[in-house]
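At position 129 of the sequence shown the residue is numbered 129 (the UniProt record's numbering), and the sequence of numbers has no breaks.
Yeah, the Cβ is synthetic: ideal placement off N, Cα and C, and Gly gets one too.
Report on the structure given below.
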Amino acid sequence: MAFADYEYFYHDIRDSKGGVVGRVRALNDGDVSLIWQKHEEALEQVLALATGDGAANATAKVIEIALTNFPDLVADVICLASGEDWDRAIQGVRKMPLGLKMEALGTIIRMTLESEGGLEKLFGILELMRPARSQNQAAA
Numbered sequence: 001m002a003f004a005d006y007e008y009f010y011h012d013i014r015d016s017k018g019g020v021v022g023r024v025r026a027l028n029d030g031d032v033s034l035i036w037q038k039h040e041e042a043l044e045q046v047l048a049l050a051t052g053d054g055a056a057n058a059t060a061k062v063i064e065i066a067l068t069n070f071p072d073l074v075a076d077v078i079c080l081a082s083g084e085d086w087d088r089a090i091q092g093v094r095k096m097p098l099g100l101k102m103e104a105l106g107t108i109i110r111m112t113l114e115s116e117g118g119l120e121k122l123f124g125i126l127e128l129m130r131p132a133r134s135q136n137q138a139a140a
């Protein structure tokens with residue numbers, strides 16, 4: 001076994017009848033960076049709202065806030081984690097019922113956090129990205 005042999009593990013997302021509608025994987029650092037670049041303002045708001053009141057279940061709060069306030073962010077995260085052709089996947093994801101999007105996003109977050117060490121650690125990583133991002137914007 002070598003790092004070059006690494007393959008993503010995909011988890012099936014099922015509808016209410018048990019049919020597989022797609023598969024998703026954990027996000028890696030490149031994925032998080034891409035999502036951050038495209039949705040920085042939305043992510044800042046989600047993180048502030050989710051961590052602002054010390055919610056006991058911050059993951060559920062992140063999902064709720066993202067789904068109700070930032071549907072484009074949610075659709076992009078699901079499409080990126082699906083590994084499918086973006087143009088085709090985005091059309092399907094936008095048509096998905098809210099509960100199915102919640103299931104997909106929850107699975108992506110859970111898989112990502114398992115590989116990254118928990119929500120607090122992921123928030124810490126995102127926090128570390130802020131100064132570098134601000135410096136890059138100032139230089140531009």
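- Per DSSP, the continuous beta strand (DSSP E) segment holding R23 begins and ends at 20-24.
- Ranking T59, V20, S82 by CA distance to the CA of I109 puts T59 first.
- Taken in chain order, the complete alpha helix (DSSP H) segments of 4 residues or longer contained in the region 28-88 are 29-38, 40-52, 58-69, 71-82.
- A straight-line Cα-Cα distance of about 21 angstroms links E41 and K101.
- Contact between L98 and V77 does not hold, since the beta-carbon distance rounds to 15 angstroms and is not under 8 angstroms.
- For F70 and V20, the gap between their C-alpha atoms comes out near 25 angstroms.
- For D12, the uninterrupted beta strand (DSSP E) segment begins and ends at 11-14.
- Burial check for E103: the Cβ neighbour count within 10 Å reaches 16 or more, so the residue is buried.
- The residues Y10, H11, I13, I78, A81, S82, A104, T107, I108, in chain order, have a CB closer than 7 angstroms to that of V24 in the same chain once the five nearest residues on each side in sequence are set aside.
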